[in-house]
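**Q**
In my numbering, the protein residues as written are 208 to 415.
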């Protein structure tokens, strides 16, 4: 891959990372409620899932979308149900005021591994990602003469670009946490974030 190709690939992946979809909506909702730092492990889970799809595309497994169509459907519905469940929990969450709610302290101890797993499932439940890579990757890499260094390069570029895009969204959403101080405002924020997550799950379930 040439330098120009690498730069173009990075920019394209960054744009892909901030394109509205279930993953972006999940980051937006989490950032609105918990702040941008809580989105790091969630983003890493999404990126890990994306890299698996990217690897599948690199190794020329385009037929996986057809041969595993039923499995993808099951994964999609499981992911959609999980997003709706998370949205419901956010919607019903008690309002928090910084420094006053004990629930906030317990919440901060939530396992980062759990958040990582949530991100992984959210991204993995969207099989359209692999279709994107299958159609998009050949523009930059000749899959018929693929070298190991090419796979490493596109993986690193994709990881950095996706992380940058997701963190940009998380930081923007996280500012709302610092601006809204009252219990009433936090309740509205939780409800808005929950609504976004439920909408993302519904979109994933009905959109083919």
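Where a beta carbon is used, it is the ideal one built from N, C-alpha and C, also for glycine.
All values derive from a computational prediction rather than experimental measurement.
Does the distance from the CB of residue 369 to the CB of residue 224 come in under 8 Å?
**A** Contact: yes.
**Q** Residue 347 to residue 259, Cα distance in whole Å?
**A** About 18 Å.
**Q** Closest to residue 373 by CA distance: which of 210, 252, 405 is it?
**A** Considering only alpha carbons, the answer is 252.
**Q** Are there 16 or more other CB atoms within 10 angstroms of the CB of residue 413, so buried, or fewer, so exposed?
**A** By the neighbour-count rule (16 or more Cβ atoms within 10 Å), residue 413 is not buried but exposed.
**Q** By the DSSP assignment, the alpha helix (DSSP H) with residue 227 in it spans what residues?
**A** Per DSSP, residue 227 belongs to no alpha helix (DSSP H) and is neither H nor E.
**Q** Comparing C-alpha positions only, which one of 378, 343, 354, 402 sits nearest to residue 218?
**A** The shortest C-alpha separation from residue 218 is found at 343.
**Q** Per the contact definition of three or more C-beta pairs closer than 8 Å, is the segment 322 to 342 in contact with the segment 288 to 297?
**A** Enough Cβ pairs lie closer than 8 Å, so yes.
**Q** Would residue 239 pass as a contact of residue 399 if the rule is Cβ separation under 8 Å?
**A** Closer than 8 Å, so yes.
**Q** Which class does residue 208 belong to by DSSP, given the choice of helix, strand or coil?
**A** The answer is coil: DSSP assigns residue 208 none of H, G, I, E or B.
**Q** Could you spell out where the alpha helix (DSSP H) holding residue 255 opens and where it closes?
**A** Residue 255 -> alpha helix (DSSP H) spans 247 to 265.
**Q** What is the rounded straight-line gap between the Cα of residue 264 and the Cα of residue 340?
**A** Approximately 6 Å, taken between the alpha carbons.
**Q** DSSP three-state call for residue 244: helix, strand or coil?
**A** Residue state, collapsed to three classes: helix.
**Q** In chain order, what residues of the same chain lie with their CB nearer than 7 Å to the CB of residue 256, ignoring the 5 residues before and after it?
**A** Closer than 7 Å at Cβ, skipping near neighbours: 327, 330, 331.
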